[in-house]
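Going down the list, the protein sequences come from chains A and B.
Once you know that position 117 of the first sequence is 117 in this note's numbering, the rest is easy, because the numbers rise by one and skip nothing.
Heads up: take any position in the second sequence, counting from 1, add 249, and you land on this note's numbering.
Read through the structure below, which is laid out as structure tokens, and then see the notes.
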Amino acid sequence: MAGAALPGRLNWLIAEAGEIVEETDRVRSIILDCPGWPGHLPGQHIDVRLTAEDGYQAQRSYSISAPADGEQVVITVELVADGEVSPFLIEDLRVGDQIEIRGPIGGYFVWEPSRGGPLQLIGGGSGVAPLMAMLRELVRSGSDVPVRYLSSARSHEDLIFRQELESITSEAEEVEVLHTLTRSQPPDWTGLIGRVNRVMLAQHVWPAFTRPLCYVCGPTGFVETVASTLVALGHQPGRIKTERFGPTS
Amino acid sequence: MDSERHLDGNALAGILYDLFGREMTHECGCCAQCGSTNQLGAVRVYRAAGDVLRCPDCDDVLMVIVPDARGMRVSFESIRWLRVTTGTHK
Chain A
1 MAGAALPGRL NWLIAEAGEI VEETDRVRSI ILDCPGWPGH LPGQHIDVRL TAEDGYQAQR
61 SYSISAPADG EQVVITVELV ADGEVSPFLI EDLRVGDQIE IRGPIGGYFV WEPSRGGPLQ
121 LIGGGSGVAP LMAMLRELVR SGSDVPVRYL SSARSHEDLI FRQELESITS EAEEVEVLHT
181 LTRSQPPDWT GLIGRVNRVM LAQHVWPAFT RPLCYVCGPT GFVETVASTL VALGHQPGRI
241 KTERFGPTS
Chain B
250 MDSERHLDGN ALAGILYDLF GREMTHECGC CAQCGSTNQL GAVRVYRAAG DVLRCPDCDD
310 VLMVIVPDAR GMRVSFESIR WLRVTTGTHK
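Structure (structure tokens):
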């Protein structure tokens with residue numbers, strides 16, 4: 001239950017779905033209005049708790065995909081077919097519905113402009129969510145940290161935030177955005193093709209000698225491949241932050 | 250170990266907050282087995298009935314956290330030390 005704030009304790013807060021953006025067939029962004037929200041840093045996440053009529057509770061973590069903005073919290077959720085929480089958030093949640101959240105949580109996978117760069121963001125599937133919070137904060141703050149953003153998706157239809165990324169790159173010259181499509185590509189596709197591999201990372205990621213800060217988020221197998229390849233390419237393990245969200249299903 | 254199945258310590262940020270009463274994923278712990286130090290957000294986490302935290306360098310079990318009826322039960326296995334930054338409440 002949401003209650004008075006206790007020190008040393010994360011309290012559950014009531015948040016209301018203010019707006020819902022369908023990003024792809026399987027992914028939606030939910031803009032939550034949460035009275036009492038204390039603010040957050042790009043890369044942090046929230047716990048979402050659902051309670052059934054019989055009292056059964058299910059709880060999951062979701063990355064926040066937009067920087068702090070008053071009492072607003074934006075999460076970008078991908079449907080997990082046999083999940084307990086995401087099917088409700090994707091298929092049933094309507095504007096005006098209330099859910100319980102707590103946070104912000106996580107101090108490890110966090111970037112803010114004062115941490116500098118160059119910044120390398122690499123996301124697989126909906127793993128782009130926390131990276132988008134970082135990129136949006138970079139743009140909003142007017143930071144001159146140069147950033148490269150590389151995302152991997154199955155098809156053009158599965159690319160999340162594509163239009164917003166196009167408008168960011170057309171206005172901010174320090175931002176470079178690349179996508180790779182692993183399963184199918186439209187006929188006029190000019191981006192990358194295939195799974196992220198050593199050659200792709202060697203060609204398109206900031207070279208190791210520039211000492212970039214790398215943030216890698218996605219399914220566990222994707223993150224394993226990217227992080228180990230970055231180390232093999234000479235990047236310092238201490239400058240590679242990872243966030244895995246489990247096996248792909 | 251099945252490399253497809255583990256998460257990292259970020260996934261336990263909420264549980265670790267419940268346990269320690271503060272944000273812990275950016276704090277460092279030392280593995281008693283191999284001596285390496287890692288931020289808790291970077292350790293390997295295997296989730297089942299409970300959560301098993303393993304050293305990302307030697308795979309030894311650092312901690313096990315199991316929920317029970319009143320909260321959770323924690324065993325500290327190969328944790329030599331944990332460093333906690335005081336004076337911050339992020």
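Built from N, CA and C at the ideal position, the CB exists for glycine as well.
Within-8 angstroms CB hit, residue i to chain B
i, result
"D47 (chain A)", "yes"
"L10 (chain A)", "yes"
"R244 (chain A)", "yes"
"G83 (chain A)", "no"
"V231 (chain A)", "no"
"Y215 (chain A)", "no"
"S61 (chain A)", "yes"
"I14 (chain A)", "no"
"T182 (chain A)", "no"
"T51 (chain A)", "no"
Reduced DSSP category for residue i - H, G, I as helix; E, B as strand; rest coil
i, result
"Y149 (chain A)", "strand"
"A129 (chain A)", "helix"
"R329 (chain B)", "strand"
"E164 (chain A)", "helix"
"V196 (chain A)", "coil"
"E176 (chain A)", "strand"
"S170 (chain A)", "helix"
Closer than 8 angstroms to chain A by CB, residue i
i, result
"D300 (chain B)", "no"
"E341 (chain B)", "Beyond the ends of chain B as shown, which are 250 and 339, falls residue 341 (chain B); an answer cannot be given."
"Q282 (chain B)", "no"
"T286 (chain B)", "no"
"Y266 (chain B)", "yes"
"D317 (chain B)", "no"
"K339 (chain B)", "Summary for K339 (chain B): the model assigns pLDDT 48, below 50, so the residue's position carries little reliability; its value from the coordinates is reported in the next sentence. True, the Cβ-Cβ gap to chain A drops below 8 angstroms."
"D257 (chain B)", "yes"
"A297 (chain B)", "no"
"R254 (chain B)", "yes"
"R274 (chain B)", "Correcting the residue type first, residue 274 (chain B) is Thr in the shown sequence and not Arg. For T274 (chain B), the answer is yes, since a Cβ of chain A falls inside 8 angstroms of its Cβ."
Exposure label - residue i; buried when at least 16 CB within 10 Å
i, result
"A260 (chain B)", "buried"
"A58 (chain A)", "exposed"
"M321 (chain B)", "exposed"
"N287 (chain B)", "buried"
"G3 (chain A)", "Summary for G3 (chain A): the model assigns pLDDT 46, below 50, so the residue's position carries little reliability; its value from the coordinates is reported in the next sentence. Its Cβ having fewer than 16 others within 10 Å, G3 (chain A) is exposed."
"A52 (chain A)", "exposed"
"Y56 (chain A)", "exposed"
"P130 (chain A)", "buried"
"M1 (chain A)", "Here M1 (chain A) scores only 42 on pLDDT, less than 50, and its place in the model is too uncertain to base an answer on."
"C340 (chain B)", "This structure leaves residue 340 (chain B) out entirely; chain B is present only between 250 and 339."
"P207 (chain A)", "exposed"
DSSP bridge partner residues for residue i (one or two, in chain order)
i, result
"N287 (chain B)", "B:G278"
"E19 (chain A)", "A:I31"
"V77 (chain A)", "A:R28"
"Y51 (chain A)", "In the sequence under discussion, the amino acid at residue 51 (chain A) is Thr, which differs from the Tyr named in the question. T51 (chain A) is bridged to A:Q57."
Listed in chain order, which residues of the stretch 141-169 of chain A have Cβ atoms closer than 8 angstroms to some Cβ of chain B?
Contact annotation: in the stretch 141-169 of chain A, no residue has its CB less than 8 angstroms from a CB in chain B.
Looking at chain B, which residues of the stretch 95-121 of chain A have a Cβ within less than 9 angstroms of any of its Cβ atoms?
Per Cβ criterion, the list reads R102, G103, P104, I105, G106, G107, Y108, F109, V110.
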